[in-house]
Amino acid sequence: MSTTVLDVRDLKKTYRDTEAVRGISFSVNRNEIVGLLGPNGAGKTTTINMILGVLEPTAGTISVDGFDVRKERSLALDRTNFAAVYAQLPGNLTVSQNLKVFGLLYGATRLNERIPELLREFDLEKFAHTKTGVLSSGEQTRVLLAKAMLNSPHLLLLDEPTASLDPSTARAVREKIRAYTAESESGVLWTSHNMHEVADVCDRVLFLSHGSILIEGDPRTLPQEHGKANLEELFITVAREPLSLEL
Amino acid sequence: MTKSFTRMYAVFLRQVYLYRETPIRFFQMFVWVLIDLVLWGFISKYFSQSAVSPSGIVTILLSAIILWGFLNRVYQGLIMFFLEDSWSRNFLNMFATPLKLYEYVAGFVVSTIITSAIVFAVVIPLAYVMFGYSLLTLGFSLVPFIIALFIFGVSIGIFSVALVLRFGPVAEWFIWPVAAITGPFVGVFYPISTLPEWMHIISYALPPTYVFEGMRAVIGGGAFSFSNALTGLALAFVYVFISYITLSCVFRIVIRNGQIARFGTEAL
Chain D
1 MSTTVLDVRD
11 LKKTYRDTEA
21 VRGISFSVNR
31 NEIVGLLGPN
41 GAGKTTTINM
51 ILGVLEPTAG
61 TISVDGFDVR
71 KERSLALDRT
81 NFAAVYAQLP
91 GNLTVSQNLK
101 VFGLLYGATR
111 LNERIPELLR
121 EFDLEKFAHT
131 KTGVLSSGEQ
141 TRVLLAKAML
151 NSPHLLLLDE
161 PTASLDPSTA
171 RAVREKIRAY
181 TAESESGVLW
191 TSHNMHEVAD
201 VCDRVLFLSH
211 GSILIEGDPR
221 TLPQEHGKAN
231 LEELFITVAR
241 EPLSLEL
Chain Z
248 MTKSFTRMYA
258 VFLRQVYLYR
268 ETPIRFFQMF
278 VWVLIDLVLW
288 GFISKYFSQS
298 AVSPSGIVTI
308 LLSAIILWGF
318 LNRVYQGLIM
328 FFLEDSWSRN
338 FLNMFATPLK
348 LYEYVAGFVV
358 STIITSAIVF
368 AVVIPLAYVM
378 FGYSLLTLGF
388 SLVPFIIALF
398 IFGVSIGIFS
408 VALVLRFGPV
418 AEWFIWPVAA
428 ITGPFVGVFY
438 PISTLPEWMH
448 IISYALPPTY
458 VFEGMRAVIG
468 GGAFSFSNAL
478 TGLALAFVYV
488 FISYITLSCV
498 FRIVIRNGQI
508 ARFGTEAL
């Protein structure tokens with residue numbers, strides 16, 4: 001089995017005159033958490049949407065576990081899952097019903113055992129028969145994370161997964177994802193605006209600015225390599241003065 | 248008091264903005280009135296000239312209402328299942344799974360078969376209990392009639408799904424009357440001969456025309472026309488094929504332009 005779970009080559013997305021993503025290449029290996037960082041409008045969500053197969057790239061290729069997302073969409077998505085705050089699950093279904101429906105869509109095995117396991121893991125047992133729409137935003141995020149783990153994905157895409165969680169729950173979630181990545185054959189692509197979180201959880205980060213990957217490296221050593229005190233300072237420089245960076 | 252008026256003005260202004268930005272909303276203002284006007288105009292014309300007995304009129308009307316209701320139930324059932332995903336902004340979650348488009352549509356069709364069968368199972372005995380009328384008196388002819396109406400209902404449902412997917416939630420404004428717009432042309436309550444000549448071209452291009460003409464022939468004691476029933480069925484299959492091709496093309500467009508990922512934006 002290849003060590004690479006996600007391989008993105010020369011990925012480009014153009015909307016009329018706007019180049020949202022400008023020929024980026026990167027990969028995510030098994031047992032690795034890669035942070036995709038950048039200011040608003042840098043192209044992070046566009047990149048994630050292309051990996052999820054809900055947005056067609058203008059050029060380039062994406063493969064998950066060796067399956068081309070464009071040509072072998074179902075096989076690639078079978079091994080993928082995601083959680084994003086802007087993609088809440090239907091509020092008029094209960095938590096269990098949502099997990100059942102998405103479990104079937106992802107072809108998850110042992111669903112009758114998997115759902116209670118996930119409810120327990122994400123502290124959702126008491127909400128199993130509650131309509132998802134009436135849960136708090138933090139609880140809904142936990143439901144999304146439970147959904148994202150239904151098929152034990154080889155590639156997990158997390159778009160600001162802890163944005164609406166309290167610090168204690170956010171830490172628990174980070175620990176869960178870290179443990180999952182270490183124990184399974186999975187890789188994670190993680191976006192966040194919380195640089196402390198990124199430094200804590202990511203093995204590697206990619207800084208995206210105006211649709212291009214500007215810098216890439218270990219979040220614990222990268223700031224010093226570019227003459228910055230910490231990751232947050234580096235982020236602000238990427239967002240405001242990308243040309244001033246010591247590349 | 249002034250603040251109250253300001254707030255009411257804010258609510259009114261929001262509607263002005265919506266109508267100004269998407270003029271298609273004006274369509275909804277007129278379409279139902281026009282459909283009723285045309286439909287009832289032709290119904291009145293037919294019954295004022297018809298020599299059908301009062302009991303015959305009741306039989307024709309009840310049969311027509313049940314079959315027309317069935318078509319509408321199929322169509323509305325299918326788009327309601329789809330709109331659940333639209334209202335809950337669920338497309339990103341759905342299409343980021345291994346789900347294929349034909350599987351998505353097939354799931355709706357199966358759900359529609361079940362809901363339509365339930366409605367039919369309730370309405371037929373109800374019509375018998377309340378009015379002593381049984382649709383089953385149409386005999387074997389009921390089978391091709393029901394199949395043709397079901398398939399046509401599915402086809403306009405799929406076409407409507409394509410419209411909403413392509414143009415965003417605002418397209419809901421003009422998908423609800425789609426089936427009703429065909430009403431005056433297909434002769435639900437009157438023979439096609441009641442309509443002016445130019446409308447016949449459209450009438451004979453629509454599968455329900457063959458069902459309602461056939462239904463009136465059977466009720467009037469005439470022979471059941473197999474060729475008419477087959478024409479209606481064949482046309483219905485053509486419509487469902489065209490609708491699915493349209494939906495497939497629209498799906499490719501919304502994947503290319505990213506609309507599926509940010510559904511909610513109005514493209515009209």
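First to last, the sequence lines map onto chains D and Z. The numbering of the first sequence is the numbering used here, which starts it at 1 and goes up by one. The numbering of the second sequence is the numbering used here, which starts it at 248 and goes up by one. Don't be surprised by glycine CBs; every beta carbon is placed ideally from N, CA and C.
task = Assuming ILE500/Z contacts LEU339/Z (C-beta within less than 8 Å), just tell me the rounded distance between them.
result = The Cβ separation is near 16 Å, so there is no contact.
Chain Z residues whose Cβ lies nearer than 7 Å to that of ASP78/D = Against ASP78/D, the close residues of chain Z are PRO345, in the order they occur along the chain (beta-carbon pairs closer than 7 Å).
ask   = Measuring CB to CB, does MET462/Z end up less than 8 Å from ALA311/Z?
value = Yes, they are a contact pair.
ask   = At a CB-CB cut-off below 9 Å, which residues of chain D make contact with PHE498/Z?
value = Result: empty, since nearest Cβ-Cβ is about 11 Å, beyond 9 Å.
Option nearest VAL95/D by Cα separation, candidates ALA108/D, ARG70/D and LYS126/D = Sorting ALA108/D, ARG70/D and LYS126/D by C-alpha distance to the C-alpha of VAL95/D places LYS126/D at the top.
message = Report the CB separation of PHE421/Z from ILE271/Z in whole angstroms; it is logged as a contact under 8 Å.
response = 6 Å
ask   = With respect to the alpha helix (DSSP H) encompassing ALA334/Z, which residues constitute its N-terminal and C-terminal limits?
value = The identity of residue 334/Z in the sequence shown is Trp, whereas the question assumes Ala. Its alpha helix (DSSP H) spans residues 301-334.
key: Pairwise C-alpha distance: VAL433/Z and SER450/Z   = Going by the C-alpha atoms only, they are around 5 Å apart.
ask   = From the beta carbon of ALA409/Z, is the nearest beta carbon of chain D less than 8 Å away?
value = no
In DSSP terms, what LYS131/D is bridged to = THR94/D
ask   = Counting Cβ pairs closer than 8 Å, one from the segment 398-413 of chain Z and one from the segment 481-488 of chain Z, do we hit at least three?
value = yes
ask   = Are the C-beta atoms of VAL54/D and some chain Z residue less than 8 Å apart?
value = Using a CB distance cut-off of 8 Å, VAL54/D counts as an interface residue toward chain Z.
query = Smallest Cα separation from VAL34/D: which of HIS129/D, LEU157/D and ARG204/D?
reply = If we check each option's Cα against that of VAL34/D, ARG204/D comes out closest.
key: Environment of PRO223/D [buried if 16+ CB atoms lie within 10 Å]   = buried
ask   = In chain D, what lies closer than 7 Å to ARG503/Z by C-beta?
value = GLU56
request  = Excluding the 5 residues preceding and the 5 following LEU515/Z in the sequence, name in chain order all residues of the same chain whose CB lies nearer than 6 Å to its CB.
outcome  = Confidence in LEU515/Z is poor, its pLDDT being 49 and thus under 50, which makes the residue's placement unreliable; the coordinate value appears in the next sentence. THR269, ILE271, PHE414 and VAL417.
task = Whole angstroms is fine: what's the gap from HIS129/D's alpha carbon to LYS147/D's?
result = 15 Å
key: Coil, strand or helix - THR61/D by DSSP   = In the structure shown, THR61/D sits in a strand (DSSP, three-state: E or B).
key: Cβ-based burial, HIS196/D [other Cβ within 10 Å; buried from 16]   = exposed
task = State the start and end residues of the unbroken beta strand (DSSP E) segment that holds ALA83/D.
result = 80-84
message = With a threshold of 8 Å between beta carbons, is ILE507/Z in contact with chain D?
response = yes
request  = Output yes if chain Z places a C-beta closer than 8 Å to the C-beta of PHE122/D; else output no.
outcome  = no
request  = Starting from the N-terminal side, write out each stretch of the alpha helix (DSSP H) that is 4 residues or longer and does not extend beyond the segment 336-383 of chain Z.
outcome  = 338-342 and 348-378
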